[in-house]
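Residue numbers (full-length UniProt numbering), protein chains in the order written: chain A, 1 to 650; chain B, 1 to 650. Notes follow the structure.
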């Protein structure tokens with residue numbers, strides 16, 4: 001395992017799959033939302049697309065500022081925390097965590113919907129297939145497969161190639177005047193109820209705003225690069241900024257290519273095909289199966305060339321699964337940063353605590369699974385919950401950046417530098433205006449449709465994290481070093497716990513004697529008079545050099561008599577400490593562990609609560625303990641984007 | 001909590017509910033099995049009853065020998081182990097454990113069937129009701145309600161009273177010539193297929209044997225007293241023997257009362273009522289609902305007095321639930337004895353390990369639940385699995401007793417004593433002949449009908465227990481003290497693990513210094529250069545009296561660098577030992593525990609595998625640790641029958 005920094009051509013696919021994959025569902029959601037207003041509204045599709053592109057450009061420009069100013073990989077969370085305080089940082093973090101869950105749910109659901117265009121047997125079983133895919137991703141990430149940049153690069157570039165192929169093929173035919181229509185072109189679109197008939201300007205504006213806010217799903221994942229600056233080659237910030245621009249450009253080109261092509265080919269993609277699609281004035285009914293936008297385009301364009309059709313669908317499906325996987329990668333990285341700052345359990349900060357990572361991954365997968373089942377793997381419904389978090393985080397981040405530049409400007413005197421800072425602040429201010437506007441539009445158009453669920457989840461995550469920070473703060477205060485910690489205890493009383501007279505006991509006694517305590521005795525609990533008598537006999541026979549005390553236990557308890565005895569010792573000499581040596585067996589198999597040390601475990605758990613009592617585990621390694629292999633550092637999800645990992649393919 | 005020995009009048013109900021409750025289903029199974037042979041076979045009902053009574057008398061007589069010879073409460077397991085060896089003992093133990101599961105399944109299923117006579121809405125939902133009852137019993141036993149003899153006494157005596165009332169009422173009317181017929185008396189019984197028409201003598205013998213083996217279910221629970229001798233008042237053995245005789249007599253009287261009464265009242269209880277019951281030669285069809293024997297008798301006898309009918313049904317239901325509860329009580333007692341002998345995990349032997357007890361209780365309940373669901377709470381099907389275990393244990397126990405007397409006879413010279421021993425051996429020999437015969441009959445008539453499942457389970461339990469014993473034996477051998485344990489290590493190197501410089505660290509350092517190790521240093525892992533620099537600065541500032549060493553960790557791991565460092569220390573000085581002091585926080589709430597010490601836990605688990613390394617937990621009790629209440633000894637199931645417990649009602 002080594003540190004592996006990513007060249008731009010590898011970094012792009014590593015961080016881009018989430019952002020690019022949204023091309024597979026953002027156009028669908030634009031068309032679908034507009035369809036509710038009938039063909040009048042439907043015609044606005046490319047204008048909506050352009051509005052999304054404008055936001056995208058603004059966000060990319062803003063984040064290019066972020067990666068220069070905050071190259072440490074903390075991303076929006078760091079920007080918000082440093083400039084706006086802890087609560088703002090926690091808000092961003094909560095928003096991002098909830099959006100990770102939705103990334104998994106939306107990407108996988110869309111992947112299954114797209115796959116259904118090529119694999120018709122999936123129809124009607126989308127939810128089960130999506131849950132199965134989530135389970136598979138979970139298993140792969142729990143297993144800790146070694147990530148490599150190449151694993152991301154190949155499918156991402158293939159997806160770009162497939163969309164490029166479709167666009168070039170399509171626009172060439174358009175230039176030649178041979179562009180075919182898609183199969184759904186023959187249908188009329190009936191407006192849905194509130195938008196049918198004479199639609200007011202307000203209603204239409206609302207519809208357009210809603211289509212725009214769904215289209216903004218194309219922006220998710222753009223912030224990923226700002227979390228991954230440390231994984232770039234030097235000059236890190238500049239390379240990251242360049243990659244970000246590249247990512248933005250590719251995203252925009254792909255998005256607009258698909259929207260315009262769909263418009264040219266008269267594609268119909270509606271919310272309720274059975275009733276909204278009309279053939280000769282009559283609804284097509286429940287028999288009609290509506291394919292995704294990419295599915296319909298590919299089917300029409302590559303009508304005579306099935307391999308190309310399947311190629312496009314396969315690339316789309318794979319990129320969507322990869323996008324879901326980025327959540328599995330990004331989640332531990334974010335959790336690690338939050339743990340470092342005391343907002344999540346500390347053990348998430350260090351690598352190697354697989355249990356903690358596993359819990360995080362399972363939680364992520366379970367939450368995504370619940371959403372998929374609850375919304376029946378329908379992207380249109382899930383998208384209503386999505387992107388709230390992203391725009392909360394965009395907005396707070398831009399606000400933080402403005403504060404950042406204002407603070408720097410207060411100290412900077414160099415006019416050239418000040419000019420650059422002013423320009424940067426201008427970019428972020430424009431970004432703030434834009435993202436705040438979008439956030440408001442998203443909240444207004446999506447709140448009742450489902451965004452409230454996401455917001456509720458964010459509040460819950462926020463409260464849990466704040467509770468954890470407060471706990472750590474309280475503990476830190478309680479533990480701060482003061483004068484009271486200098487005094488040494490007076491004496492040490494050693495106690496060796498004995499159940500039988502065997503090697504582990506002898507070893508514990510030998511080690512206890514090395515500690516030279518003021519007093520040392522062996523203590524055993526009388527569970528059976530015969531056993532105790534035999535123990536005492538052997539004790540004398542072997543001339544064990546410390547005295548043996550047998551505690552009575554009329555009800556065959558072990559823990560209580562010992563705790564009581566130790567407490568008495570402590571009460572007699574409050575300034576002394578008591579050191580308790582517990583012989584422990586070390587075995588190699590998990591079921592062997594169940595057969596040993598259970599009493600020792602309970603005893604230790606109980607003794608911890610007695611002040612001035614030390615517990616010493618004296619291990620005795622049984623032969624089977626040698627079976628345990630040395631543990632190797634296994635990779636954890638998110639290694640590549642932290643600059644840790646194997647072959648980068650570069 | 002005190003030691004409470006049971007007078008006979010309390011001991012009887014404590015140990016009798018299982019044995020007496022079988023009166024509620026044993027007659028049913030005799031009638032039902034005979035019904036397959038039509039009215040010809042059906043007439044044999046009281047002869048079968050008498051055969052069961054003969055076996056019962058023999059078994060009671062034999063067990064009166066057991067309680068005198070083995071008064072320690074080990075019961076059949078002890079008799080078999082001492083006289084026939086470990087494998088025989090384990091066979092008995094496996095058989096008893098499987099039968100505990102079946103006691104729960106059969107008793108609860110029968111209880112629900114009886115209750116359905118009074119509560120018709122239970123019809124068709126027997127399985128769900130039975131599972132619910134098992135869950136309730138499990139909850140009560142997990143909770144650890146304080147047992148008292150009175151809790152057993154009242155329902156048991158009420159049940160006896162209710163059956164006595166029914167019998168006296170019935171026989172008085174019979175004497176007066178006014179005994180009514182039961183409602184089903186009007187039906188004819190059609191023989192079932194293999195027994196219809198001209199039945200061969202062999203087929204009829206087989207049917208009678210099968211009815212007899214089902215009727216022997218009345219014998220389950222008779223052995224309970226032999227496991228409970230220590231809970232009796234002195235003279236323990238004599239009181240236990242007397243109680244056993246009393247129990248046998250009451251059982252026999254109740255069983256025969258019911259069978260004869262049912263015969264006199266022309267009761268029909270058949271396997272397949274829809275087809276077997278004929279009215280004017282035509283089957284009654286699916287509409288007919290067949291009540292239990294006690295249900296039918298009570299309904300006919302108390303036709304004008306509904307309260308008495310409900311009283312009988314209620315007492316029957318309650319005694320059956322109580323019988324199921326005896327399995328929850330007996331199981332931990334048996335497990336404790338098996339654990340003492342190393343056949344089950346050791347922690348089951350001591351009281352107070354609630355987790356271990358809980359696991360046992362949940363396992364018992366889960367297994368019973370599976371059986372109830374699998375066999376749809378039908379007593380007739382479950383009974384096919386039952387009593388194999390009991391008769392395996394009866395037979396081996398009698399064989400053991402014969403060996404026991406033979407061994408004693410070899411040493412005894414007093415003629416009077418020898419005479420008594422000869423007589424006892426005679427009783428046990430007769431018992432062996434009888435129980436072995438029944439066992440063969442049971443195996444032959446039930447094997448394919450379901451007994452194979454019970455046998456398979458016994459083999460599995462046997463193998464697990466033998467695996468555990470072998471493991472403990474191997475470990476004991478490996479741990480036996482020999483010459484190699486006398487040498488003291490040369491020196492002790494102390495290491496205090498430091499993450500931050502706070503009170504727990506200062507305390508760990510102070511305690512470590514008290515141990516006067518040859519060398520002492522503090523070790524920290526560099527997870528963040530800034531934090532490490534700050535730690536070093538504070539270390540100097542506070543003039544901490546031991547050196548600080550910071551270990552590098554490029555990938556933010558904690559455990560690996562420390563383990564590697566400790567290994568190096570050990571390799572340099574193989575004869576020395578390394579003592580590692582880990583400061584630990586002690587908190588009071590479970591979720592706080594999740595936020596602390598996780599790294600310490602992993603570290604300790606890993607360090608245990610290094611030979612010559614001691615781990616010392618230095619606890620620091622945070623304020624919240626004082627929330628933890630002192631743990632009180634909570635009662636565990638089976639206390640009453642071990643002579644531990646509260647008010648005995650006596």
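The C-beta atom is built at its ideal place from N, Cα and C for all residues, glycine as well.
Here the alpha carbon of residue 640 of chain A sits roughly 32 Å from the alpha carbon of residue 28 of chain A. Bridge partners of residue 282 of chain A according to DSSP: A:279. If you look at residue 621 of chain A, you'll find it in the beta strand (DSSP E) that goes 613 to 621. If you check the CB distance, residue 324 of chain B and residue 108 of chain B come in under 8 Å.
Residues 77, 80 and 81 of the same chain have their beta carbon placed closer than 7 Å to that of residue 89 of chain B, with the five preceding and five following residues left out of the count. A residue is called buried when at least 16 other Cβ atoms come within 10 angstroms of its Cβ; residue 176 of chain A does not meet this threshold and is exposed. Residue nearest to residue 424 of chain B within the set B:440, B:401, B:22 and B:412 is B:401 (criterion: CA-CA distance).
Here residue 609 of chain A carries a coil assignment [DSSP, helix/strand/coil]. Assigned with DSSP and collapsed to three states, residue 119 of chain B falls in coil, not helix or strand. The residues 585 and 587, in chain order, have a CB closer than 7 Å to that of residue 596 of chain B in the same chain once the five nearest residues on each side in sequence are set aside.
Here residue 168 of chain A is exposed. Its C-beta has fewer than 16 other C-beta atoms within 10 Å. The beta-carbon of residue 510 of chain A is placed less than 8 Å from the nearest beta-carbon of chain B. Annotation: the continuous alpha helix (DSSP H) that includes residue 561 of chain A extends over 559 to 572. For residue 468 of chain A, at least one C-beta of chain B is nearer than 8 Å to its own C-beta. A direct Cα-Cα distance of roughly 58 Å separates residue 21 of chain A from residue 472 of chain B. For the region 515 to 534 of chain A, the residues whose beta carbon sits under 7 Å from a beta carbon of chain B are, in order, 515, 516 and 527. For residue 521 of chain B, there is no enclosing alpha helix (DSSP H); the enclosing beta strand (DSSP E) has its first and last residue at 519 to 526. Rounded to the nearest angstrom, the gap between the Cα atoms of residue 579 of chain A and residue 561 of chain A is 16 Å. In this structure, the straight-line span from the alpha carbon of residue 469 of chain A to that of residue 538 of chain A is close to 55 Å. CA-CA distance, residue 593 of chain B to residue 558 of chain A, rounds to 24 Å. Residue 227 of chain A sits close to residue 73 of chain A, with the two beta carbons spaced by under 8 Å. Taking all protein chains shown into account, residue 568 of chain B has fewer than 16 neighbouring C-beta atoms within 10 Å of its C-beta and is therefore exposed. Across the region 448 to 480 of chain B, CB contacts with chain A closer than 8 Å involve 468, 471, 472, 475, 476, 478, 479 and 480, in sequence order along the chain. The way I'd put it, the region 448 to 460 of chain B does touch the region 375 to 388 of chain B; three or more beta-carbon pairs between them come closer than 8 Å. Within the model, the alpha-carbon separation for residue 63 of chain A versus residue 221 of chain A is close to 12 Å.
From the beta-carbon of residue 577 of chain A, the residues of chain B found nearer than 8 Å are 511 and 514.
Contact annotation: residue 190 of chain B and residue 38 of chain B have beta-carbon atoms nearer than 8 Å. In chain order, 594, 595 and 598 make up the part of chain B whose C-beta sits under 8 Å from the C-beta of residue 345 of chain A.
Under a 10 Å Cβ-count criterion, residue 87 of chain A is classified as exposed, with fewer than 16 other Cβ atoms of the shown protein chains found around its own Cβ. Short of 7 Å from the beta carbon of residue 46 of chain A, and not among the five residues preceding or following it, lie these beta carbons of its own chain, in chain order: 259, 260 and 263. Here the C-alpha atom of residue 192 of chain B lies approximately 15 Å from the C-alpha atom of residue 285 of chain B. Straight-line spacing of the CA atoms in residue 502 of chain B and residue 369 of chain A works out to 43 Å. Rounded to whole angstroms, the Cβ separation of residue 492 of chain A and residue 508 of chain A is 16 Å, and the two are not in contact under 8 Å.
492, 501, 502, 503, 504, 506 and 507: these are the residues of the region 491 to 508 of chain A whose beta carbon lies less than 7 Å from some beta carbon of chain B, given in chain order. With a cutoff of 8 Å on beta-carbon distance, residue 156 of chain B and residue 17 of chain B are scored as near each other. Contact between residue 345 of chain A and residue 598 of chain B holds: CB atoms are separated by about 7 Å, below the 8 Å threshold.
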